[in-house]
Structure formats: structure tokens, C-alpha cells
Amino acid sequence: MTCCVRALSYSFNLESRPFILMDQIIKGPPKQPWILGWIAPHRSQDNDTRSAASDIAKLCSIFRDLDNHFRAAIQRGCDLQAMPPNTAVTRGDDWKVGLGVNKTDLEDFDGLINDQKSDLQYLQELRKLTSWALAMNYLELEQAGFPGRIVYEMAGNYRQYPAPKLCRASWATYIDQIESIAAPLPRYVLEAAKNGNLGDRNLFEGVHARMVKLDAFLERTYEGTEVHGLRPSYSAQIDRFWPPGIQQIEPFSNFSLNYKIAMAYPGNSMLSTNQTMSIFLVVGFVSIVSAVFAVLSFQQSSERGSWGDADFYSLCQGTLLQVSGIVILIITVFFRSSRLAKQAWRWAWLLSVLSMVTSLVAVPMYGFVSAGWSTIFVVLSGVLQMWVSLMLMFIVSN
Numbered sequence: 114m115t116c117c118v119r120a121l122s123y124s125f126n127l128e129s130r131p132f133i134l135m136d137q138i139i140k141g142p143p144k145q146p147w148i149l150g151w152i153a154p155h156r157s158q159d160n161d162t163r164s165a166a167s168d169i170a171k172l173c174s175i176f177r178d179l180d181n182h183f184r185a186a187i188q189r190g191c192d193l194q195a196m197p198p199n200t201a202v203t204r205g206d207d208w209k210v211g212l213g214v215n216k217t218d219l220e221d222f223d224g225l226i227n228d229q230k231s232d233l234q235y236l237q238e239l240r241k242l243t244s245w246a247l248a249m250n251y252l253e254l255e256q257a258g259f260p261g262r263i264v265y266e267m268a269g270n271y272r273q274y275p276a277p278k279l280c281r282a283s284w285a286t287y288i289d290q291i292e293s294i295a296a297p298l299p300r301y302v303l304e305a306a307k308n309g310n311l312g313d314r315n316l317f318e319g320v321h322a323r324m325v326k327l328d329a330f331l332e333r334t335y336e337g338t339e340v341h342g343l344r345p346s347y348s349a350q351i352d353r354f355w356p357p358g359i360q361q362i363e364p365f366s367n368f369s370l371n372y373k374i375a376m377a378y379p380g381n382s383m384l385s386t387n388q389t390m391s392i393f394l395v396v397g398f399v400s401i402v403s404a405v406f407a408v409l410s411f412q413q414s415s416e417r418g419s420w421g422d423a424d425f426y427s428l429c430q431g432t433l434l435q436v437s438g439i440v441i442l443i444i445t446v447f448f449r450s451s452r453l454a455k456q457a458w459r460w461a462w463l464l465s466v467l468s469m470v471t472s473l474v475a476v477p478m479y480g481f482v483s484a485g486w487s488t489i490f491v492v493l494s495g496v497l498q499m500w501v502s503l504m505l506m507f508i509v510s511n
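So the mapping is simple: the working numbering equals the position in the sequence shown, first residue as 1, plus 113.
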């Protein structure tokens, strides 16, 4: 019954079904008699200015409203984080890590929301999309019922986690509210395009990035019904009804963007499966070849080196550069990014530390043990650093 009511509300509410009016948008409003333009031609520029301000104001109004709803989602996640442990929870609050939001995220989002910017500056600024991504992921967790679930253990015990406050059986769910607010966006985007107000690339990219991200989120969370099977894509409809004769900088339904958007918890990698396998094969092949050369070098140099050799100073120079690279990697990635997955973070830390240790150990081993063992440790340090870079590349490309 609820699905039918939802479907009927979609069918009869023109504001939430903007695609019915697309033909009217393309044709435009009725033209005024030509004599008015001849008598008062100065009004044309004034009307264009007011039209541009009106189009941008409409888009900003909806996007700011969405900001508030996404901010409320992060607030709900922080409220769950602050809840005392459930009496049935015997292993602490480890489950809260999966919520993906914390107080710092809320403070950062509040700072961006409260930043006084003009409508034009607001649309061109994309830092809020990071907070959007956090809120969207939390909303998907809410929709799936996380963390309101029961986990059964091997001993027969169970732990029940507190459930988020949701009313999924009615129209008042959080995702439905967001979809209802976003429904007029395609119509407003087309109106702005028809009036020539999306010609600026920065402005276009600001609208484009928000629409693509929002469309993908609503597509992931849409629950189809027998009346409405697949959800109509906002991006596809905008591309379909884009006003003829107006240049479109980038198709809205094209997700291969030529500019980057920060995503906190991306769902898909920008690298295809074939590319991923090729990179792994290349790195694995280079690692094996490096090991072979290290073994050959070990066989040819079993004696200790001299502290006055040119090779020793070359080793010191290479070690200094390698350790500097690892330190820069640690500072810029590990200490500045708090969004790395725990498992990837631990492995990258472990490999980085091992790479630094083996690089430093190779220097005294040159003079105290043998030049061959020093070479083994140098090669091992380089291979470890290469695998750390590979891991971070996949994290960044996601």
C-alpha cells in the first residue's frame, strides 16, 4: 500500500516529477510582442541579469537544503557514536567504527555551511562534496538497518546493537525526503542552461558534480516498485532534454569526469579490472627480477666492503634519498589523511617501517658483514617501498 501511495504521489506531483515539463522548458515562455523590445531595448539586459540571478538562486536554495539534510545525517551518526555501550555489548564499541562519521566531520561540515558565500561562489566550491559522501554512506547504512542488528557468537551468545531511528514504512524516511527535495533540480538545471547561465566552466562543474553525485546516491538507494521499475536518472534526463543550440561542457550521464572530486568512502575504483591485473603483474615481475639481480650480486660480493669505497658513499647517498622519500610519504599520507581503511592503513604502515629499517640496516652491513648482504637489504627496501606506493595508488584511485 505504501508503495502505491508513493507511486501515485510521484505521478500527480508535478514538482517532484519535473520531466513532464521538459518540452515547455525547451520551447521557453511565450514571446513578447516585438514592439516592446523596440520601445525599451534596455530592459533586455536587465531581464538577463535577473534571470541569471534567479536561476542560480533556485539551484543554490535546493543544494543548501540538501546540505542541511546531509548535515542532519552526520549528526545522527555522531549521536550514535556518543551513545553509551549497550549492556549486551561485551567487546566495547568497536562496531561504531563502521559508522564512518565522527565529531570532526560534523565540525568541518558546519564550518563549510556557515561560511558566508554568494550563490555563485557556493556553486563553484566543491569541498562540501566530501561531507556529502560521508552523509550518503551513513544514510545507506541506515537504510540497511546498520547498526541495528543482532550478531550471534560461536558460544551461543548474541549482541544486539542500538538501531537508528527510522520509519521505513512511510514517506517520511530520510532518503525519501532528500529525493523529494532534489526532484525539481533537473528542471532548474535545464532552465539555467536554456537561459545561457551555465556557460561558465567553474559554475557548470559545480552543478555537474553535485548532480552526478546525488543521482548516483539516489540510484543506489532507490527501491523499485511494480508501478515504477527503474528510477529515472536525473543526469540522463538532463542530457536528453538539453536545449538545442546550447553548448554542453560535459554530459551529465558521463561519469568519466576530467576533474577530480574528493570522495571519503568511494564505492568503485577508477581502474578497470584489466588495468588492476596489469599493474599487479608489472609490479610482481619487477619484484622478481630485482630479487634475481640481488641474488647474483650477493654471489659475486661475499666479502666485507671498505668504509672508503666509492660504493659505500653511493650506498649512503641512495639510503638518504630512500629514507627521505619514505618519511615524506608517511607525513603526507598517513598523518594528513584520516580516511584510510584500517587494514590498508596498517599494512602500509608496516611496509613503510620495514622499508625504512632495511634501508638503514644496509649501511652498516656493508662494512661489518658483506657487500652482498647490504645489496639484499637495499633491494628489499626498494621492493617494499614500491608495494607501499602501489597500495596508496589504489587507495587514491578509488
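Ideal placement from N, C-alpha and C gives every residue a C-beta, glycine not left out.
This one's a predicted model, so the numbers in the text were calculated from it and none came from an experiment.
- An exposed status is given to R459, since fewer than 16 other beta-carbon atoms sit within 10 Å of its beta-carbon.
- Ranking L242, M506, L172 and D313 by CA distance to the CA of T389 puts M506 first.
- For F176, the three-state secondary structure derived from DSSP is helix.
- According to the DSSP assignment, E255 belongs to the alpha helix (DSSP H) that extends over K241 to Q256.
- One thing to note: A170 has its Cβ within 9 Å of the Cβ of D232.
- Contact annotation, Y347 with A186: C-beta distance approximately 20 Å; criterion of less than 8 Å not satisfied.
- In this structure, S502 lies away from F490, with their beta-carbon atoms at least 9 Å apart.
- If you look at A306, you'll find it in the alpha helix (DSSP H) that goes L298 to K307.
- Look at V396 here: in three-state DSSP terms it is helix.
- C-alpha of R240 to C-alpha of L298: approximately 20 Å in a straight line.
- In the three-state scheme derived from DSSP, where H, G and I count as helix and E and B as strand, D328 is classed as helix.
- In this model, M499 and L316 are separated by some 39 Å (Cα to Cα).
- In its chain, beyond the 5 residues on either side, M478 have a beta carbon closer than 6 Å to the beta carbon of W486.
- DSSP places F183 in the helix class (H, G or I) of the three-state scheme.
- Within its own chain, the residues whose Cβ lies closer than 7 Å to the Cβ of E253, once the five positions on either side in sequence are excluded, are R333 and T334, listed in chain order.
- If you check the CB distance, G224 and L247 do not come in under 9 Å.
- Annotation: the continuous alpha helix (DSSP H) that includes D223 extends over K216 to I226.
- One alpha carbon belongs to D221, the other to I294, and they sit about 24 Å apart.
- If you draw a straight line from the Cα of I351 to the Cα of P357, it comes to about 12 Å.
- Residue range Y287 to A295 is occupied by the alpha helix (DSSP H) that includes E292.
- The C-beta of W355 has 16 or more other C-beta atoms within 10 Å across all chains shown, which makes the residue buried.
- At the C-beta level, S494 and L467 come within 9 Å of one another.
- When DSSP states are grouped into helix, strand and coil, M196 belongs to the coil group.
- Q194 and M249 have their C-alpha atoms roughly 17 Å apart.
- Assigned with DSSP and collapsed to three states, P477 falls in helix.
- DSSP, read as helix, strand or coil, puts R417 in coil.
- One thing to note: L236 has its Cβ within 9 Å of the Cβ of F176.
- For the pair G319 and E238, the CB atoms are nearer than the 9 Å cut-off.
- Residues S472 and V476 of the same chain have their beta carbon placed closer than 6 Å to that of T432, with the five preceding and five following residues left out of the count.
- Residue environment for Y426: exposed (fewer than 16 other C-beta atoms within 10 angstroms of its C-beta).
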